[in-house]
Amino acid sequence: MQNPANLTFIDESARDRLIVEGDDALKYLQSQISQEIRDIEIAETRWTLLLAPNGKIDVLARITRTADSAFLLDTDAGFGETLETRINRFKIRVKADSSLAHAENSTPSPNHEAARIAAGWPRMGAEIVSGETIPAVTGVVALSVNFTKGCYPGQELVERMDSRGADAPKVLRIIDVPNGTKVGQRIDGLAEVTSVSGTTALAYVKRGSDLGRLPTHLD
Numbered sequence: 234m235q236n237p238a239n240l241t242f243i244d245e246s247a248r249d250r251l252i253v254e255g256d257d258a259l260k261y262l263q264s265q266i267s268q269e270i271r272d273i274e275i276a277e278t279r280w281t282l283l284l285a286p287n288g289k290i291d292v293l294a295r296i297t298r299t300a301d302s303a304f305l306l307d308t309d310a311g312f313g314e315t316l317e318t319r320i321n322r323f324k325i326r327v328k329a330d331s332s333l334a335h336a337e338n339s340t341p342s343p344n345h346e347a348a349r350i351a352a353g354w355p356r357m358g359a360e361i362v363s364g365e366t367i368p369a370v371t372g373v374v375a376l377s378v379n380f381t382k383g384c385y386p387g388q389e390l391v392e393r394m395d396s397r398g399a400d401a402p403k404v405l406r407i408i409d410v411p412n413g414t415k416v417g418q419r420i421d422g423l424a425e426v427t428s429v430s431g432t433t434a435l436a437y438v439k440r441g442s443d444l445g446r447l448p449t450h451l452d
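Residue numbering for the sequence shown follows the working numbering, beginning at 234 and increasing consecutively.
Laid out in C-alpha cells, this is it:
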C-alpha cells in the first residue's frame with residue numbers, strides 16, 4: 234500500500250495551512266485527530282482525519298511535525314477555516330496557538346486534478362462533504378486512522394465499522410466515462426460521479442457492484 238502524503242497529485246499551491254504550536258500542541262492534537270503522532274519525527278508527514286462527534290468527516294488533512302512543539306496541518310483550499318474551527322472546538326486551557334494561511338490558488342491545477350482522479354484520491358468539497366461523509370466510504374481509513382492510538386472525537390463510528398467488518402453502503406472507485414460526463418451524473422444506476430477529468434472519473438459505487446477500479450493506494 235502506497236502512502237500518498239507527498240505524491241505529485243497534490244497541488245501544494247491549493248492547500249490551506251494551519252500551524253499549531255505550543256507546550257500542549259502534541260498532547261492536544263493527539264487527543265483530537267485519528268492519527269498517531271506521538272512517535273512522528275520532525276519533517277515527517279502523515280494523513281489524518283478530524284471527525285465530528287458523530288463520526289462524520291469534518292476535514293481530511295496532512296499533519297507534519299515541524300519542531301518539538303509545532304505542527305503544520307494542511308488541507309484542500311477553502312477548508313482551512315473548517316480545519317481551524319474544528320481544531321479549536323475543544324481547546325480549553327490548552328497551551329497551543331493556531332495560525333491559518335490560505336492557499337495561493339483556490340482550486341488545483343488541471344494537471345494535478347487529472348492525476349488525483351486517476352489515482353482515486355478524494356478531495357474536500359468533491360468526494361468528501363464536510364459534516365456529511367463517513368470515513369468508511371472514502372478509501373483513506375487505512376492511511377489516516379490509527380486503531381490503537383486512544384480516544385478522539387468521532388472514534389466510535391470508525392471503530393465500530395472496523396471491528397464488525399461492516400461494509401460501507403458505497404465505495405469510491407475510478408471509472409471510465411464518456412467525454413462530457415458531468416459531476417453528479419449517475420452511471421447505470423450504480424454510481425454517482427464526484428469528479429471528472431476527460432474520460433476518467435471518480436464515483437461512489439453502490440456496495441456489491443464491481444464497476445470501476447480501486448484507488449491506487451489500495452491496490
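Ideal Cβ placement from N, Cα and C applies to all residues, glycine included.
- The C-beta of Pro448 has 16 or more other C-beta atoms within 10 Å across all chains shown, which makes the residue buried.
- Under the DSSP assignment, Tyr261 falls outside any beta strand (DSSP E), being part of the alpha helix (DSSP H) whose first and last residues are 258-265.
- Pairing Thr241 with Ser342, the inter-Cα distance amounts to about 12 Å.
- Contact check for Gly372 and Val404: beta-carbon distance about 7 Å, within the 8 Å limit, so the pair qualifies.
- Arg298 is positioned such that its CB atom lies no closer than 8 Å to that of Ile266.
- Within 10 angstroms of the beta-carbon of Glu314 lie fewer than 16 other beta-carbons, which makes it exposed.
- In this structure, the beta-carbon distance from Leu283 to Leu316 falls below 8 Å.
- Taking a cut-off of 8 Å for Cβ pairs, the segment 325-345 and the segment 409-421 do not touch, as fewer than three such pairs fall below it.
- Contact between Ile296 and Thr278 holds: CB atoms are separated by about 7 Å, below the 8 Å threshold.
- In this chain, the beta strand (DSSP E) harbouring Ser428 covers 424-430.
- Three or more beta-carbon pairs separated by less than 8 Å are not found between the segment 429-443 and the segment 315-335, which leaves the two stretches without contact.
- Put simply, the backbone Cα of Leu262 is about 43 Å away from that of Asp421.
- CA-CA distance, Phe323 to Leu306, rounds to 17 Å.
- In the structure shown, Leu447 adopts coil according to DSSP, grouped into three states.
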